[in-house]
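A.B. asks:
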Amino acid sequence: MKLSALLLAPLLLIPVAAWAGNFSYDYAELDYQHFSPQQGESSKGPSLQFSYTISDPDIQVLAGYARMDTPATPTDINSHGYWVGIRGENSFSEDTDYYTDLLYLNNRTTFQRTARTDDGYRLLLGVRHRATARIEFDASLAHDYLTRNANEAAIGIIFNATNYLAVGLSYAHDTLHANTTTLRLRAYF
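Each number in this note's numbering comes from the position in the sequence shown (counting from 1) with 2 added on.
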């Protein structure tokens with residue numbers, strides 16, 4: 003019995019050894035967002051996003067979809083949008099990566115049966131830092147080139163429960179005086 007336990011012990015260390023490597027940028031993420039403007043009604047809703055490495059390990063393709071609902075009087079306001087783009091990332095150290103996202107955004111809002119589409123681009127600069135083997139911080143600065151240009155600062159924490167599953171929470175504030183809180187569920191592949 004003791005000999006078999008000694009032989010199995012290295013197998014238990016494999017996930018820890020695999021985790022000690024670089025950050026994973028291959029994931030699917032399900033989010034729940036709460037958007038609070040300084041003036042006006044709050045919105046909330048789900049989003050889904052994907053990141054996949056196409057040039058190991060430096061370039062990823064990104065895609066996502068979000069839907070936000072705003073209960074308002076006399077009618078509801080519904081917003082949905084998608085984004086596609088690329089990310090370039092590089093390691094600063096074993097525990098810190100920096101990345102740049104260039105995204106195409108397409109947002110559509112419907113209010114009283116009238117739809118309005120706003121599309122443009124987003125440039126985002128971010129940093130990921132692993133504080134411990136399971137806790138990671140993510141911070142970013144972004145600029146949206148839309149009808150109403152905006153800058154955004156965001157910070158978040160991610161708890162990697164396993165090598166394949168993580169949960170997180172982030173907070174963002176933009177120059178249009180809106181705050182967004184996001185709860186994340188991320189699956190690495």
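Don't be surprised by glycine CBs; every beta carbon is placed ideally from N, CA and C.
Since the structure is predicted, the reported quantities are computational estimates derived from the model, not experimental observations.
Quick one, are the C-beta atoms of A152 and Y173 less than 9 Å apart?
C.D. replies: No, Cβ-Cβ distance for A152 and Y173 is not below 9 Å.
A.B. asks: Provide the residue(s) that pair with I56 in DSSP beta bridges, ordered along the chain.
C.D. replies: I56 pairs with nothing; no bridge assigned.
A.B. asks: From E138 to F52, what does the alpha carbon distance come to, in whole angstroms?
C.D. replies: When rounded, the distance between both Cα atoms is 19 Å.
A.B. asks: With the cut-off set at 9 Å, would you say H179 and P39 are in Cβ contact?
C.D. replies: In contact: H179 and P39 (Cβ atoms closer than 9 Å).
A.B. asks: DSSP puts P48 in a beta bridge; with which residues?
C.D. replies: Bridge partners of P48: Y34.
A.B. asks: To which residues of the same chain is A163 closer than 8 Å at the C-beta, ignoring the five residues directly before and after it?
C.D. replies: Contacts found: R136 and V169.
A.B. asks: Between D33 and the rest of its own chain, which residues show a CB-CB distance below 6 Å, the 5 nearest in sequence each way excluded?
C.D. replies: Same-chain partners within the cutoff: S49, T184 and R186.
A.B. asks: In chain order, what residues of the same chain have a beta carbon less than 6 Å from the beta carbon of L64, not counting five sequence neighbours either side?
C.D. replies: Once the five neighbours on either side are set aside, the close Cβ partners of L64 are S53, G87 and R89.
A.B. asks: Measure the Cβ-Cβ separation of R110 and G83 and say whether it is below 9 Å.
C.D. replies: It is a contact, given that the beta carbons lie within the stated cut-off.
A.B. asks: What separation, rounded to the nearest whole angstrom, lies between the Cα atoms of F94 and I79?
C.D. replies: When rounded, the distance between both Cα atoms is 43 Å.
A.B. asks: So, for T98: in the same chain, excluding its five sequence neighbours on each side, which residues have a beta-carbon less than 8 Å away from its beta-carbon?
C.D. replies: So the qualifying residues of the chain are V129, R130, H131 and R132.
A.B. asks: Give the straight-line distance between the Cα atoms of G66 and W85, rounded to the nearest whole angstrom.
C.D. replies: Spanning the two alpha carbons is a distance of roughly 5 Å.
A.B. asks: Around the Cβ of G42, are there at least 16 other Cβ atoms within 10 angstroms (buried) or fewer (exposed)?
C.D. replies: Exposed is the call here.
A.B. asks: May I ask which residues mark the beginning and end of the beta strand (DSSP E) holding H179?
C.D. replies: Per DSSP, H179 belongs to no beta strand (DSSP E) and is neither H nor E.
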